[in-house]
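The structure under discussion appears below in the form of structure tokens.
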Amino acid sequence: MESGNLSAVTEFVFTGFPQLQDGGLLYFFPLLFIYTFIVIGNLMIFFAVRLDPRLHNPMYNFISIFSFLEMWYTTATIPKMLSNLIRSPKTISFIGCLLQMYFFHSLGNTEGTLLTVMAIDRYVAICNPLHYPTIMTPRLCAQLSAGSCIFGFLILLPEIVWISTLPFCGPNQIHQIFCDFTPLLNLACTDASVILVQDVIHALAILITGLIISLSYIRIIIVILGIPSVEGRRKAFSTCAAHIAVFLLFFGSVALMYLRFSATYTTFWDTVIALTFSVLAPFFNPIIYSLRNKDMKDAIKKLFCSQKVFNKSGM
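Just so we're aligned, residue 54 is where the sequence shown starts under our numbering, counting upward by one.
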């Protein structure tokens, strides 16, 4: 068929969602609960850190920014997922698809960069504690946080602009629950080799970031094991345990999704893996950071107590 006879695609249809007759509403309410929990949980962490002077240090500052990013990371995809679970057809416009992909992956890139910064912060704090206050100054922390955001949002812009110029003139069914690079590029009327190039670029970014974080924590663990007192080791491990758990959850799910190259999964497993890194990982992060951290729990309790006092005084 001549390319001139093909009409340009203006919208895409998601095929990874169950139909209403297949129990779409049964998935809607659990997903709505999870999304609400993610937003409220991360908001509590963000405001607890901002309002409690005891938590005004680099580690908690990075945690609060990470929590703020998590809210928007999930907001880039989950509201559209909820909408598609209860309506038909399950469509998204071409521009909407590009925007969803850009914000979802830009926020994900920013989180990955920030996790790297957090690993370096813990490395300096534990491996070089005497110089930590002079190295991790408030100004440097602000620069690292801003730099993570700028890098995360700019690094993806050329790729999104490039995808927006590709011809989409054939099938318009995205075999996924949100817009993503490989499912979208599979629909482009162009050379399929670009998908492999894109996979290699993403894989290198994931591997380099994961390697930096892994080496930092390996060095941290070696230093901690050398601490003579049991109490000192316990305290050092407790400050790093939450970061390591979040790192494993975040990069583990991302690696399953993007470090597979030509390997293919069934639609069911594709959906499960996508839900793991886009929904379940953000769901567990507030739990990990709040339940395993006494200072954070105290700050959240203080936040609720101050809110109750404010409500009573306003009566």
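For glycine and all other residues, C-beta sits at the position ideal for the given N, C-alpha and C. These numbers come from a predicted model, not from an experiment.
Indicate the three-state DSSP secondary structure (helix, strand or coil) for residue i in the structure shown.
i: residue 216; result: helix
i: residue 279; result: coil
i: residue 116; result: helix
i: residue 208; result: coil
i: residue 262; result: helix
i: residue 243; result: coil
i: residue 226; result: strand
i: residue 350; result: helix
i: residue 363; result: Only weak support is given to the placement of residue 363: the predicted model assigns it a pLDDT of 45, under 50, and the question is left unresolved by the model.
i: residue 358; result: helix
With respect to the alpha helix (DSSP H) encompassing residue i, which residues constitute its N-terminal and C-terminal limits?
i: residue 173; result: 147-180
i: residue 327; result: 320-328
i: residue 130; result: Neither: residue 130 is in no alpha helix (DSSP H) and is coded neither H nor E.
i: residue 187; result: 185-188
i: residue 237; result: 234-238
Beta carbon of residue i, beta carbon of residue j: below 7 Å?
i: residue 176; j: residue 117; result: no
i: residue 219; j: residue 235; result: no
i: residue 225; j: residue 66; result: yes
i: residue 152; j: residue 217; result: no
i: residue 339; j: residue 98; result: yes
i: residue 324; j: residue 230; result: yes
i: residue 92; j: residue 124; result: yes
i: residue 178; j: residue 352; result: no
i: residue 304; j: residue 87; result: no
i: residue 122; j: residue 158; result: no
i: residue 174; j: residue 106; result: no
i: residue 343; j: residue 354; result: no
i: residue 262; j: residue 202; result: no
i: residue 306; j: residue 292; result: no
i: residue 280; j: residue 286; result: yes
Taking residue i and residue j to be in contact with their CB atoms under 8 Å, please state how far apart those CB atoms are, rounded to whole angstroms.
i: residue 145; j: residue 84; result: Wrong, their Cβ atoms sit about 17 Å apart, outside the cutoff.
i: residue 334; j: residue 302; result: 5 Å
i: residue 254; j: residue 312; result: About 12 Å; that fails the 8 Å criterion.
i: residue 277; j: residue 290; result: 6 Å
i: residue 160; j: residue 205; result: 7 Å
i: residue 180; j: residue 272; result: 6 Å
i: residue 346; j: residue 295; result: 6 Å
i: residue 70; j: residue 138; result: 6 Å
i: residue 193; j: residue 115; result: At roughly 12 Å, the Cβ-Cβ gap does not stay under 8 Å, so residue 193 and residue 115 are not in contact.
i: residue 154; j: residue 233; result: 7 Å
i: residue 156; j: residue 199; result: So it is not a contact: roughly 18 Å between Cβ atoms.
i: residue 221; j: residue 61; result: 7 Å
i: residue 63; j: residue 147; result: 6 Å
i: residue 300; j: residue 266; result: 6 Å
i: residue 108; j: residue 348; result: 6 Å
i: residue 127; j: residue 283; result: The pair is not a contact, with the Cβ atoms about 39 Å apart (cut-off 8 Å).
i: residue 96; j: residue 356; result: Not really, about 10 Å apart at Cβ, beyond 8 Å.
Which whole runs of the beta strand (DSSP E) in the stretch 63-101 are 3 residues long or more, in chain order? Fully enclosed beta strand (DSSP E) runs of 3 or longer: 64-67.
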